[in-house]
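Before any comments, here is the structure.
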Amino acid sequence: MRAGRALAALAGGVATLVGLLVLAALLTARPGDPDLYPAPDAEGTVIALVSHGWHSGLVLPRAVLTGAGSGPALASIATRFRAYPEIEFGWGEARFYRATPTLAQFDLALALAALFTPGGRDGIVQVVGLERPARDSFPASDLVPLRVSKQGLARFLARLEASFRLVDGQPVAGGPGLYGPSLFYDGAGRFSYTNVCNHWAARLLNAAGLPVTPVLDTHPAGLLLDLRWRAGLVPLSPPTANLSKP
Numbered sequence: 273m274r275a276g277r278a279l280a281a282l283a284g285g286v287a288t289l290v291g292l293l294v295l296a297a298l299l300t301a302r303p304g305d306p307d308l309y310p311a312p313d314a315e316g317t318v319i320a321l322v323s324h325g326w327h328s329g330l331v332l333p334r335a336v337l338t339g340a341g342s343g344p345a346l347a348s349i350a351t352r353f354r355a356y357p358e359i360e361f362g363w364g365e366a367r368f369y370r371a372t373p374t375l376a377q378f379d380l381a382l383a384l385a386a387l388f389t390p391g392g393r394d395g396i397v398q399v400v401g402l403e404r405p406a407r408d409s410f411p412a413s414d415l416v417p418l419r420v421s422k423q424g425l426a427r428f429l430a431r432l433e434a435s436f437r438l439v440d441g442q443p444v445a446g447g448p449g450l451y452g453p454s455l456f457y458d459g460a461g462r463f464s465y466t467n468v469c470n471h472w473a474a475r476l477l478n479a480a481g482l483p484v485t486p487v488l489d490t491h492p493a494g495l496l497l498d499l500r501w502r503a504g505l506v507p508l509s510p511p512t513a514n515l516s517k518p
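Under my numbering, residues 273 to 518 are what the sequence shown spells out, in order.
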């Protein structure tokens, strides 16, 4: 009898938790803007969400960084990374992001401090120059391409520009990034469990006109599910091995 009651109580608790999560997802869901997204087939710019398993980034052509909506931070980056046709941007908590190039370096104490420090912690932006297309640069990552309109891209760039802290009108470089030709820059905004890297990526996509659900977007897998569910976007297939080579 006691075991049955315990199981019933556990089932009730799980059901309540699931119900609260569903309610939170519905209450916090942000609508898309059909005037911005999807872009007409004949126009627009292809950008991509890259999910690295624990962290999400966004890839866009370097050539658009000086277009409408951009500012001094993106203009500086376009010049500094002028040798690379595509750029990946990622945002995160300064200490944890720098210390965690892969999950093998995961530090629980740093993660808890990043998530639960009252008032949040400083954010940073990683900028990576890509010599090859994103699919080839990140063969093991989930990649979701999407075409944004001219107006949607301008709003996306304005939100991306606002991710950088400026000093004397210029972004502040903070040393090499985690991989490839990359740099960290001082970021704007405070990192916490309510504002993680995947929320940042989702807000940028929402600025471009896509619908998003922040509760789902807390984890990269949830962000991928959200894009599939609300925008009909699916990750590209992994690169096919070239069987003609040993």
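Backbone N, C-alpha and C fix where the C-beta goes; we use that ideal spot for every residue, glycine too. These figures come from a predicted structure and were not determined experimentally.
Annotated three-state conformation of Asp307 is coil, per DSSP.
Beta-carbon to beta-carbon, Arg407 and Thr317 are separated by about 17 Å, too far to satisfy the 8 Å threshold.
With respect to the 8 Å criterion, Gln398 and Phe456 are classified as neighbours on the basis of their beta carbons. With respect to Asp379, Ala371 sits close: the two C-beta atoms are nearer than 8 Å.
Residue pairing for Arg302: DSSP places it in a beta bridge opposite Val484. In terms of CA proximity to Arg393, Tyr465 leads the group Pro507, Tyr465 and Leu497. Collapsing the DSSP output to three states places Tyr369 in a helix. A Cβ-Cβ distance of about 7 Å is found for the pair Gly481 and Ser421, placing them in contact under the 8 Å criterion. By the neighbour-count criterion, in which a residue is buried when 16 or more other Cβ atoms sit within 10 angstroms of its Cβ, Asp498 is buried. Nearest neighbour of Gly304 by Cα position, chosen from Arg404, Gly424 and Pro411, turns out to be Gly424. In this structure, the straight-line span from the alpha carbon of Leu337 to that of Tyr451 is close to 21 Å. In the three-state scheme derived from DSSP, where H, G and I count as helix and E and B as strand, Glu360 is classed as strand.
Ala445 sits in a strand when the DSSP states are folded into three classes.
When the beta-carbon positions are compared, Phe410 and Val322 come within less than 8 Å of each other. Between Gly391 and Arg462, the C-beta gap is smaller than 8 Å, which places the two residues in contact. Separation of Pro483 and Leu432 (C-alpha to C-alpha, rounded to the nearest whole angstrom) is 17 Å.
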